[in-house]
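**Q** Below is a structure I'd like to ask you about.
Quick look at the structure:
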């Protein structure tokens, strides 16, 4: 089999959708005649915002994994600013407006470009050079965030110009919603934008997760390089994850479940107002469950307005999250109310599809997530304040007034094996 080298900072025991994306790719690449080799950071020296040790058991037994060292500022950051939580790649969880938070964002935005995990690059590049020579690698894939990993791709491509480089960019770079809060100096911002354009120009293929992001990155190229080099490879679901997990529904209640994060910039006002109306019709039968990290702001509002109808669970491992989805009557999807949210397709969208429950979505009705719900017949997206139509949609299922017929053929297009086949087509274009 031909070998593919994958550079990814986030890897088990780190959690999150980016980890699951590449964990599933490496699982299915051998089905198409490719042996993946993973190069990642030493977990003893890495800083992960989220841990999910249950993902360790999903690593294929014979997968070659290599670790390299890193130097990062986060231990210093936590001591200096008295933080318990490790920041995300852009300090997205730094929501405070005080002087301490402003200082931390300024340091992050101007001393560590494009992000504070750039300290992994020198070690990753050195190990990648060895692995390319050792295994005769013809294709490398760099995946981000952190976007600093893409700069390692530039260096490797310079050293091995004949190698095929695929840059997987799962999130916006200089268009990320919190970018302007990072207090960049003008010349630093120009430097960062230059990095982004250099990656887009020099990678042989750029892949991203939604049509909106494809267009966003393509607009930056102008006439530098063909725009059709940017391809969409969405996230997906693995049917194997669902085979042994059934989930038992309680016939005496109508349960709506949300799995994931709810930050301050999510807008639940329309949903809450809809639920306040529905509880007057269903009474105690209505049960709403939130599993994951819920901001104190929204937790307080939910408790105040929905009281005995609401329940909260902290972060659970992947199998338990699936069990909770399948034990529900309906699943809640919320897209954060931020700039460029039309392109947000969270990983949970595809797991929701596989869970086989109707989906009520709150977010941009003309966004990419909405299009997937419509195409698969799995649910419907409503604008943030559309409480009347949210109520009508939910009640159709709660009162059993509506039959539900999702399009299983369309849903299967998002299986991890099918999506890996799409990735292989891009790899093979450079190996033929």
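In this note's numbering, the protein residues as written are 36 to 467. From the three backbone atoms N, C-alpha and C, an ideal C-beta is built for every residue, glycine too.
(1) Mind checking whether residue 289 and residue 433 have CB atoms under 9 Å apart?
(2) Going by DSSP in three states, residue 79 sits in which element: helix, strand or coil?
(3) Please work out which residues of its chain come closer than 6 Å, Cβ to Cβ, to residue 37, disregarding the five sequence neighbours upstream and downstream, and give them in chain order.
(4) Based on the DSSP output, what are the partners of residue 203 in its beta bridges?
(5) Among the residues of its own chain, which have a CB less than 7 Å from the CB of residue 95, if the five just before and after it don't count?
(6) Count Cβ pairs between the stretch 376-386 and the stretch 398-412 that sit closer than 8 Å; are there 3 or more?
(7) On the CB-based measure, 16 or more other CB atoms within 10 Å of its CB, does residue 83 come out buried or exposed?
(8) If you run the structure through DSSP and keep just helix, strand and coil, what is residue 151?
(9) Spatial neighbours of residue 298 within its chain, please: CB distance less than 7 Å, with the 5 preceding and 5 following residues excluded, ordered by chain position.
(10) In whole angstroms, give me the CA-to-CA distance for residue 268 and residue 237.
(11) Could I get the ranges of all uninterrupted beta strand (DSSP E) runs contained in the stretch 317-381, with 3 residues as the minimum, in chain order?
(12) With respect to the beta strand (DSSP E) encompassing residue 269, which residues constitute its N-terminal and C-terminal limits?
(13) Measure the C-alpha to C-alpha separation of residue 272 and residue 90 and round it to an integer number of angstroms.
(14) Quick check: the Cα distance between residue 93 and residue 219, rounded to an integer number of angstroms?
(15) Exposed or buried, what is residue 410 when buried is set at 16 or more other beta-carbons lying within 10 Å of its beta-carbon?
(16) Do you know how far the Cα of residue 393 is from the Cα of residue 467?
(17) Rounded to the nearest angstrom, how far is the Cβ of residue 147 from that of residue 153, given a contact under 8 Å?
(18) Measuring only the C-alpha atoms, how far is residue 47 from residue 88?
(19) Give me the residue from 426, 193, 270, 180 with the minimum Cα distance to residue 164.
**A** According to the structure shown:
(1) yes
(2) coil
(3) 69
(4) 178, 242
(5) 61, 62
(6) yes
(7) buried
(8) coil
(9) 330, 371
(10) 19 Å
(11) 321-326, 345-348, 365-369
(12) No beta strand (DSSP E) contains residue 269, which DSSP labels as neither H nor E.
(13) 14 Å
(14) 40 Å
(15) exposed
(16) Caution is warranted here: a pLDDT of 46 is assigned to residue 467, below 50, making its placement in the model unreliable, and the coordinate value is therefore given only provisionally. The alpha-carbon atoms of residue 467 and residue 393 are separated by roughly 43 Å.
(17) 6 Å
(18) 7 Å
(19) 193
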